[in-house]
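Novice:
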DNA sequence: TTATACTTTCAGAAATTTCTGAAAATTCAA
DNA sequence: TTGAATTTTCAGAAATTTCTGAAAGTATAA
């Protein structure tokens, strides 16, 4: 079995980006391969195509399942596990975003909330004020993100196409209000 | 010099999260420390407070400057560089988002665009269709993000408070259209 | 039940990233 | 200029992450 030149480019790129996206190279390459492959792939296919060990494929498969990016497909009379992408590109992107938010934002929000509790004395301190501002930001972001990311892909597309426009309207109304021009921002 | 218990909790947490956010532990801890510190800190202060080498502080400072998260402040008659946060928590968050998008999204969009060019034959292939869908997603996201992230913090806050509401209106109109209920999504 | 086809596990090897600290480079007051 | 104060650099050490492959575990066809 062999990859097309285009698939290989894509797979190699995903391997390089993987660590920036929160998983390791094999996980990234496997995801790329599975997404581009028309037919379900089993562990031996993948091990051979990516030239990595069978054990590595097994660990990466578990990781992809824990991210809910792939599902296992089995055919009667065949004992092998076949991996398939768990939805459209948009579904996968939303899944990645949700998982990353859980790992990259939620723990910090939790720590920040805890700190605010213990800092009820010193309400004026610079540290306390900064932590308060971070709490407000994360709180707002977290709620907004969960709402938006749970929308169906088609609705999300529509919202994003509006997004910039909505912002521009806000900027416009603000610009007409004296004393708040962009240039005056410190 | 010494950190308060609260500052230490915050700093240690930022150190733990750093790799998930795209920088190393020292960079994360330094950012946390600088953000919470009322007065500007020099390299020796930081080296002592975080118990890391002077060279490490120098490298981390460069990294924070390349992310535009800190700026250097100098006082006449003192040769030391003093580091200060480059704006409010919101400013910093927007800066981090912009930089991460540049590192985590833009390179992939570039590769995907390139691949589409070379796949003008085989327009029906599954791989080509998947790459096209990824291109559309990244294109839309990239434009939307740049627009939104360049808004002033106050405007962005207002937009995020609306965000969920705008989405809900869309869901609502859609739900009234037969044949597209959420439950029927495949 | 048994044999076998497969998956999972995990100790240690390999690869990668981060950190140290001494030497080199730079800056600036005198 | 000079030289002391400071920052930067970078080779190698340390820490961390990823990967391998053989052994153990599991599931299923016969």
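Protein chains in written order, with the numbering used here: chain A, 4 to 189; chain B, 4 to 189. For glycine and all other residues, C-beta sits at the position ideal for the given N, C-alpha and C.
(1) List the residues of chain B that residue 29 of chain A touches, going by C-beta distances under 8 angstroms, in chain order.
(2) Would residue 4 of chain B pass as an interface residue toward chain A - the criterion being a Cβ-Cβ separation below 9 angstroms?
(3) When you compare the segment 13-30 of chain B with the segment 95-111 of chain A, are there three or more beta-carbon pairs, one atom per stretch, that lie closer than 8 angstroms?
(4) Excluding the 5 residues flanking residue 63 of chain B on each side, which residues of the same chain have their C-beta closer than 7 angstroms to its C-beta?
(5) Express the C-alpha separation of residue 83 of chain B and residue 152 of chain B in angstroms, rounding to a whole number.
(6) What does the Cβ neighbour count give for residue 120 of chain A, buried or exposed, with the cut at 16 atoms within 10 Å?
(7) Could you check where the alpha helix (DSSP H) with residue 54 of chain B kicks off and where it finishes?
(8) Check each candidate in A:81, A:118, A:53 and name the one with the smallest Cα separation from residue 12 of chain B.
(9) Does the beta carbon of residue 3 of chain B sit closer than 9 angstroms to a beta carbon anywhere in chain A?
(10) Could you check whether the Cβ of residue 129 of chain B sits closer than 9 angstroms to any Cβ belonging to chain A?
(11) Looking at the structure shown, is residue 112 of chain A part of a helix, part of a strand, or coil, going by DSSP?
(12) Name the one or two DSSP bridge partners that residue 44 of chain A has.
(13) Kindly confirm or deny that the segment 43-59 of chain A and the segment 75-95 of chain A touch, where touching means at least three C-beta pairs closer than 8 angstroms.
(14) Based on the DSSP secondary-structure assignment, which residues constitute the bridge partners of residue 75 of chain A?
(15) Using Cβ-Cβ distances below 7 angstroms, what residues of the segment 12-46 of chain B are close to chain A?
(16) Taking contact to mean 3 or more Cβ pairs, one atom from each stretch, closer than 8 angstroms, check whether the segment 50-61 of chain B and the segment 91-105 of chain B are in contact.
(17) For the alpha helix (DSSP H) that residue 107 of chain A lies in, which residues bound it at each end?
(18) Would you report the Cα separation of residue 157 of chain A and residue 125 of chain A, rounded to the nearest angstrom?
(19) Is it buried or exposed for residue 5 of chain B, if we count other Cβ within 10 angstroms and need 16 for buried?
(20) Report back the beta-carbon spacing between residue 24 of chain B and residue 166 of chain A to the nearest angstrom; my notes put them in contact at under 8 angstroms.
(21) Answer with buried or exposed for residue 79 of chain B, where buried requires no fewer than 16 other C-beta atoms within 10 angstroms of its C-beta.
(22) Applying the criterion that 16 or more other CB atoms from any shown protein chain within 10 Å of the CB defines a buried residue, is residue 7 of chain A buried or exposed?
(23) Compute the Euclidean distance between the alpha carbons of residue 133 of chain A and residue 39 of chain B, then round it to the nearest angstrom.
(24) Can you name the residues of chain B whose CB is closer than 9 angstroms to the CB of residue 54 of chain A?
(25) Skipping 5 residues on each side, what residues in its chain have a beta carbon closer than 6 angstroms to that of residue 76 of chain B?
(26) Quick check on the DSSP output: the alpha helix (DSSP H) that includes residue 13 of chain B runs from which residue to which?
Specialist: Let me spell this out:
(1) At a beta-carbon threshold of 8 angstroms, none of the residues of chain B lie near residue 29 of chain A; the nearest stands roughly 18 angstroms away.
(2) Output row for residue 4 of chain B: interface = no.
(3) The segment 13-30 of chain B and the segment 95-111 of chain A touch, with no fewer than 3 CB-CB distances between them shorter than 8 angstroms.
(4) Only 29, 30, 33 meet the Cβ criterion.
(5) Residue 152 of chain B and residue 83 of chain B have their alpha carbons spaced roughly 34 angstroms apart.
(6) Burial call: exposed.
(7) Segment: none, residue 54 of chain B is in no alpha helix (DSSP H) and carries neither H nor E.
(8) Nearest Cα to residue 12 of chain B within the set A:81, A:118, A:53: A:118.
(9) Given a span of 4 to 189 for chain B in the structure shown, any question on residue 3 of chain B remains unanswerable.
(10) At least one C-beta of chain A is nearer than 9 angstroms to the C-beta of residue 129 of chain B.
(11) Under the three-state reduction of DSSP, residue 112 of chain A is assigned to helix.
(12) In the DSSP output, where bridge partners are listed per residue, residue 44 of chain A has A:86.
(13) Contact holds: three or more Cβ-Cβ distances are below 8 angstroms.
(14) Looking at the DSSP assignment, residue 75 of chain A forms a beta bridge with A:86.
(15) If the cut-off is 7 angstroms between Cβ atoms, the segment 12-46 of chain B has 12, 13, 16, 20, 23, 24, 25, 38, 39, 41 near chain A.
(16) The segment 50-61 of chain B makes no contact with the segment 91-105 of chain B, as fewer than three CB pairs between them are under 8 angstroms.
(17) 92-107 is the extent of the alpha helix (DSSP H) around residue 107 of chain A.
(18) Annotation: residue 157 of chain A to residue 125 of chain A spans about 48 angstroms, alpha carbon to alpha carbon.
(19) Residue 5 of chain B comes out exposed.
(20) Not really, about 24 angstroms apart at Cβ, beyond 8 angstroms.
(21) It counts as exposed.
(22) Residue 7 of chain A comes out exposed.
(23) Just so you know, the alpha carbons of residue 133 of chain A and residue 39 of chain B end up roughly 6 angstroms apart.
(24) Correct list: empty, because the minimum Cβ distance to chain B is about 20 angstroms.
(25) The residues are 43, 85, 87.
(26) Its alpha helix (DSSP H) spans residues 8-24.
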